[in-house]
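Colleague:
Shown next, in the form of structure tokens:
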């Protein structure tokens, strides 16, 4: 443990903070941690310094170490007290933070000044400032949304971080969002009054909007015994909130299909001249809002109902964090392809070897087609619902387990580990080791086996990872995401033999080194290092002990380039969310190798 590490982080629970202060401090944490990681700046200074201004900061913040960040192009330095130093790279800071211009007076650093100064420094360093205003605008928007979420969910604090939860409660618990993203709650498109309806953080729920169109205008696919058209009509027929007249008129087996659309998206589409013309010509029929209220999951656009056989992944022409969230045609085809893979020998071997691991598939899709081409804005994917009629199943996305508490007194994971330690009369360190090892068994080992055996990589970051708990411990792992798959180019022949024509429509083949790079970020930096950080910041266990456990497991796979790099390289390429946002890149557009910015950062395993 380094001299500047605080083993048990100082709780901020005793400090009464307003909703605005909570949101602004969360924004500072996410933005500043991105900057520290992605630029490798920030000299650590201890109380041994003779710098009078820094000594004043130590006195004001009651800390023993701080980050000093030199913004050299502006002759400014940032002085940031360290409350918890993390081996995995997400630190906690002591407020207030300070900055100094040209060795002048110490000034308190608010979130907006921080974001503006850093954004300007990035522009001056890179010689570009074309997207400064865009980034600052989204930082403000994200912070305002967090403040709103905190205000509305204060009354739910016990439910948010309780020992037992359920799938949809955890999906709607992400008040702060991604800990290492500069604008984790930015949403470009929703009006303020729409947030309470469509936001999972505000426990939103809404019926879907339906359009009716002749089958000749429909593009659909299904790996099930029924078409997407039939499956959608079956859902409506089983819905007690749909009246008899609608069912009798629109849900028969005829030559027409019903297209379920997110209500915000429907309003967006109805404003498009091409769609207005189709309605005017009576080619497309607008049926409006129909049926039961679905609940948005953590992705915002995938919706769930406990009685529905399928979750629906809907298209949204809204920019959420880095990307506009419409379902692209290649993603529709990838959904079917992955379902085929999992019903082949690959899936049979995977599930036989790892019975506690499951990939949630997306076996059908439907969309409007015009002149034979899919219209992305109408594309809807049907996702199997493993939590059908079982809403009490304690299945939670991993990011919700690791999410900081509104009150600053620990995550839901911390609550679980502390209660288990008390029940079992063991230390939190011992319980943490057992918990983490169990998670590695049901998460990491199946994913590595699939990758090293068949060349199929899963983009299993924390939000795509759902872990089912039993008595507080990981019991079963679910992966969900029709976008996040890669096939190694070196394994193309093997995969094509099993599934002829693989990747022709899904465009999923990638160079091996690119996939290694992506999996290093998603599996390790995002998921596992993020999980280990959650144990560390809660003071449950020293992060280094869990990193050691991870190294031990990885040792079994050291002959593979992905793992060899993890175990031998002092620096690794890591996705840079701040720089990606600064350059205004859409991660779902263009070649995989250029969709986002990757930079070399220190390897926590070394």
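In the numbering used here, the protein residues as written are 30 to 635.
No residue lacks a Cβ here, since even glycine has one placed at the ideal position from N, Cα and C.
Taking the alpha carbon of residue 261 as the point to measure from, which residue in 413, 549, 468, 181 has its own alpha carbon closest?
Modeller: 413
Colleague: Assign residue 497 to buried or exposed, taking buried as 16 or more other Cβ atoms, counted over all protein chains shown, within 10 Å of its Cβ.
Modeller: buried
Colleague: Alpha helix (DSSP H) containing residue 565: first to last residue?
Modeller: 558-566
Colleague: Give me whichever residues DSSP pairs with residue 629 in a beta bridge.
Modeller: 602
Colleague: Quick test of the definition: if touching needs 3 or more C-beta pairs under 8 angstroms, does the stretch 200-220 touch the stretch 158-169?
Modeller: yes
Colleague: Since residue 250 contacts residue 393 with CB under 8 angstroms, what's their CB separation in whole angstroms?
Modeller: 7 angstroms
Colleague: Report the option in 350, 127, 235, 558 whose CA atom is closest to the CA atom of residue 323.
Modeller: 235
Colleague: Between which two residues does the alpha helix (DSSP H) holding residue 508 run?
Modeller: Looking at the DSSP string, residue 508 is not in any alpha helix (DSSP H); the run it does join, the beta strand (DSSP E), is 502-509.
Colleague: DSSP beta-bridge partners for residue 216?
Modeller: 349
Colleague: Spatial neighbours of residue 304 within its chain, please: C-beta separation below 8 angstroms, excluding the five flanking residues on both sides.
Modeller: 298, 313
Colleague: State the Cα-Cα distance for the pair residue 494 and residue 556, rounded to the nearest angstrom.
Modeller: 8 angstroms
Colleague: Here's a check: name, in chain order, each residue in its chain whose Cβ is nearer than 7 angstroms to the Cβ of residue 181, leaving out the five neighbours to either side.
Modeller: 231
Colleague: Could you pull out every residue in the same chain whose Cβ sits closer than 7 angstroms to the Cβ of residue 160, ignoring the five residues on either side in sequence?
Modeller: Hits under 7 angstroms: 611, 612, 613.
Colleague: From residue 376 to residue 476, what distance separates their C-alpha atoms?
Modeller: 12 angstroms
Colleague: Which partner residues of residue 290 appear in the DSSP bridge assignment?
Modeller: In the DSSP secondary-structure assignment, residue 290 is bridged to 238.
Colleague: Using only the alpha-carbon positions, how far apart do residue 402 and residue 155 sit?
Modeller: 40 angstroms
Colleague: Exposed or buried, which one is residue 225 when buried takes at least 16 other CB atoms within 10 Å?
Modeller: exposed
Colleague: Taking residue 345 as the reference, give the member of 339, 338, 354 with the closest Cα.
Modeller: 354
Colleague: Is residue 30 helix, strand or coil when you go by DSSP?
Modeller: Summary for residue 30: the model assigns pLDDT 33, below 50, so the residue's position carries little reliability, and this model does not support an answer.
Colleague: Can you tell me which of the three DSSP states residue 325 falls into?
Modeller: strand
Colleague: Buried or exposed: which applies to residue 489, given that a residue is buried once 16 or more other Cβ atoms fall within 10 Å of its Cβ?
Modeller: buried
Colleague: Would you please state the rounded distance, in angstroms, between the beta carbons of residue 140 and residue 53? I believe it to be under 8 angstroms.
Modeller: 4 angstroms
Colleague: Would residue 500 count as contacting chain B if we go by Cβ distances under 8 angstroms?
Modeller: The structure shown has no chain B; it contains just one protein chain.
Colleague: How would you call residue 635, buried or exposed, if buried means at least 16 neighbouring beta carbons within 10 angstroms?
Modeller: exposed
Colleague: Would you decide whether residue 609 is buried or exposed? Buried here means 16 or more other CB atoms lie within 10 Å of its CB.
Modeller: With 16 or more Cβ atoms within 10 Å of its Cβ, residue 609 is classed as buried.
Colleague: Assuming the contact rule is C-beta atoms closer than 8 angstroms, residue 417 and residue 335 should be a hit. Round their C-beta distance to whole Å, please.
Modeller: Right, the Cβ-Cβ distance comes to about 7 angstroms (below 8 angstroms), so this counts as a contact.
Colleague: If you follow the beta strand (DSSP E) that residue 94 is part of, which residue opens it and which one closes it?
Modeller: From DSSP, the beta strand (DSSP E) with residue 94 extends over 94-100.
Colleague: Measuring alpha carbon to alpha carbon, tell me which of 442, 100, 137, 407 ends up nearest residue 287.
Modeller: 407
Colleague: If you measure between the beta carbons of residue 209 and residue 606, is that distance less than 8 angstroms?
Modeller: yes
Colleague: Taking the CB atoms as reference points, tell me whether residue 190 and residue 241 lie closer together than 8 angstroms.
Modeller: no
Colleague: If you follow the alpha helix (DSSP H) that residue 364 is part of, which residue opens it and which one closes it?
Modeller: 358-371
Colleague: Restricting to Cα atoms, I'd like to know which of 463, 503, 410 is closest to residue 512.
Modeller: Residue 410 is the option with its Cα nearest to residue 512.
Colleague: Leaving out the 5 sequence neighbours to the left and right, which residues in its chain are closer than 8 angstroms to residue 45 when beta-carbon positions are compared?
Modeller: none
Colleague: Enumerated in chain order, which unbroken segments of the alpha helix (DSSP H) with a length of 4 residues or greater are wholly contained in the stretch 47-91?
Modeller: 48-68, 81-90
Colleague: Per DSSP, residue 578 forms a beta bridge with which residues?
Modeller: In the DSSP assignment, no residue is bridged to residue 578.
Colleague: With a cut-off of 8 angstroms on the beta carbons, I'd call residue 388 and residue 508 a contact; round off their distance for me.
Modeller: 5 angstroms
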